[in-house]
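**Q** Structure provided below as structure tokens; questions to follow.
Protein chains in written order, with the numbering used here: chain C, 99 to 261; chain A, 165 to 449.
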């Protein structure tokens, strides 16, 4: 067992874990943060995307011990303390950027990272930026629209960004 | 899927890492960013008794100016290399290849040295490293040695790094002012390249003065297309001028056949992508 200390969604946590434990399993099974899901389990689909030290990573492809000392943000840490949705969450709801919803936590976490780096991405930049996130319902159009909505770059029928 | 159980150590210096390697030898795997190793461990294609994590060794991270070359620390993430202004200015081909490498999340974790040491012939960094004539610096119990790119890649997933050594840095000769392009052919997003071509050219007016060309997934290691490089010298940077040289791209290669394409298809792709990459590097497309 190895001792790890990290900050997850603003809370300090410490645990003894097996070195082979994946970060996603630590989040789900030790901390009960089941908002982060396991999709493909092969590091392709991006459903398990969280932020580690401010950057998006696939948490099925990081060992919990590698995250020791770090700061993790999951989908459960995005909303404000008063329950106010993050503007990207709001945009996915507004534009219905989901079908079955399984990929949504990862899509939202990757979108937040994308907009941190490029606040006004083109449609092409959005599609490239979400390259590591798969939607098996193939609901990509509304996902892209939701990102544009969150960025305030939406055109067409949706109104400007609400955030 | 969960990896088989292993013991874990995260040294904070190269010396500590080498000591751990010496102690655990054949039973150990070195993990860099882990973006290739962790899927392998999860699928239990490998089950080391020890995992030695280089992620806590700060001295292995960062890009610096080494005079006539850039020094890229082995543990610098793809994202950080790709965003680095020095790399953009002096080794544009590396920046271009990184924009095509995997996806944003993998680029945040995966490392420049880790990917090269993994030596996947379909990896996107080997061809640029060979094309630009990089030097690989490896450290072991006997000290440090330098391995030229032409000797670094030995076979499929096999490099000149010995079991008791680690890759510490990659020195990339400056190609300041050279144009560059990485043409990667995939059928779907987020796929390994079926074939990719890395090209850098230095123009003298409208004429190609020098060229460097590397090939991805055209054999068991990344390759350098020396015949193309030589044939390009003195040619006008036009479709016609480049075509004859590009036609030599598959010469002497032994590409794999798989579900994505047979060897002949890859040979054809190599010539087409070389033409496109050279023209694009010359700013002509």
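Virtual Cβ for every residue (Gly too), placed ideally from N, Cα, C. Bear in mind that the values here come from a model prediction, so they are computed numbers and not experimental data.
Any idea if residue 229/A is buried or exposed, counting beta-carbon neighbours within 10 angstroms, 16 or more meaning buried?
**A** So residue 229/A ends up on the exposed side.
**Q** Which same chain residues end up closer than 8 Å to residue 174/C when comparing Cβ atoms and leaving out the 5 residues on each side of it in sequence?
**A** Closer than 8 Å at the Cβ level, and outside the excluded window around residue 174/C, lie 107, 131, 133 and 134.
**Q** CB residue 417/A to CB residue 378/A, shorter than 9 Å?
**A** Their beta carbons are not under 9 Å apart, which means residue 417/A does not touch residue 378/A by this criterion.
**Q** Measure the alpha-carbon distance for residue 169/C versus residue 111/C and round it to whole angstroms.
**A** Rounded to whole angstroms, residue 169/C to residue 111/C spans 10 Å at the Cα level.
**Q** At a Cβ threshold of 9 Å, is residue 104/C touching chain A?
**A** Answer no: the Cβ-Cβ gap between residue 104/C and chain A never drops below 9 Å.
**Q** According to DSSP, is residue 114/C helix, strand or coil?
**A** The answer is strand: DSSP assigns residue 114/C an E or B state.
**Q** Applying the 10 Å Cβ sphere with the 16-neighbour rule, what's the burial state of residue 219/C?
**A** Buried.
**Q** I want to see whether chain C comes within less than 9 Å of residue 171/A, judged by CB atoms only; does it?
**A** At least one chain C Cβ lies under 9 Å of residue 171/A.
**Q** Between the stretch 173 to 190 of chain C and chain A, which residues of the former have CB atoms less than 9 Å from a CB of the latter, in chain order?
**A** So nothing in the stretch comes that close.
**Q** Checking 9 Å against the spacing of the C-beta atoms, do residue 445/A and residue 344/A come in under that value?
**A** It is a contact, given that the beta carbons lie within the stated cut-off.
**Q** Starting from the Cα of residue 137/C, find the closest Cα among 247/C, 200/C, 165/C and 215/C and give me that residue.
**A** When each option's Cα is compared against that of residue 137/C, the closest is 200/C.
**Q** Measure the beta-carbon distance from residue 322/A to residue 304/A and round it to whole angstroms, keeping in mind my assumption that it falls under 8 Å.
**A** About 17 Å separates the two Cβ atoms, so there is no contact after all.
**Q** Nearest-angstrom Cα distance between residue 310/A and residue 280/A?
**A** Roughly 15 Å between the two C-alpha positions.
**Q** With 16 as the cutoff for other CB atoms within 10 Å, does residue 197/A come out buried or exposed?
**A** Its Cβ being crowded by 16 or more others within 10 Å, residue 197/A is buried.
**Q** What's the C-alpha gap between residue 301/A and residue 158/C?
**A** Cα to Cα, residue 301/A sits roughly 31 Å from residue 158/C.
**Q** Between residue 175/A and chain D, is the shortest Cβ-Cβ distance under 9 Å, so that the two count as touching?
**A** No chain D is part of this structure, whose protein chains are labelled C and A.
**Q** Assign residue 445/A to one of three DSSP states: helix, strand, or coil.
**A** The answer is helix: DSSP assigns residue 445/A an H, G or I state.
**Q** Considering residue 206/A, what are the terminal residues of the alpha helix (DSSP H) in which it resides?
**A** Start and end: 201 to 206.
**Q** Does the distance from the C-beta atom of residue 275/A to that of residue 313/A stay below 9 Å?
**A** No, the Cβ-Cβ distance between residue 275/A and residue 313/A is not below 9 Å.
**Q** Whole angstroms are fine: how far does the CA of residue 250/C sit from the CA of residue 197/C?
**A** Those two C-alpha atoms are separated by around 22 Å.
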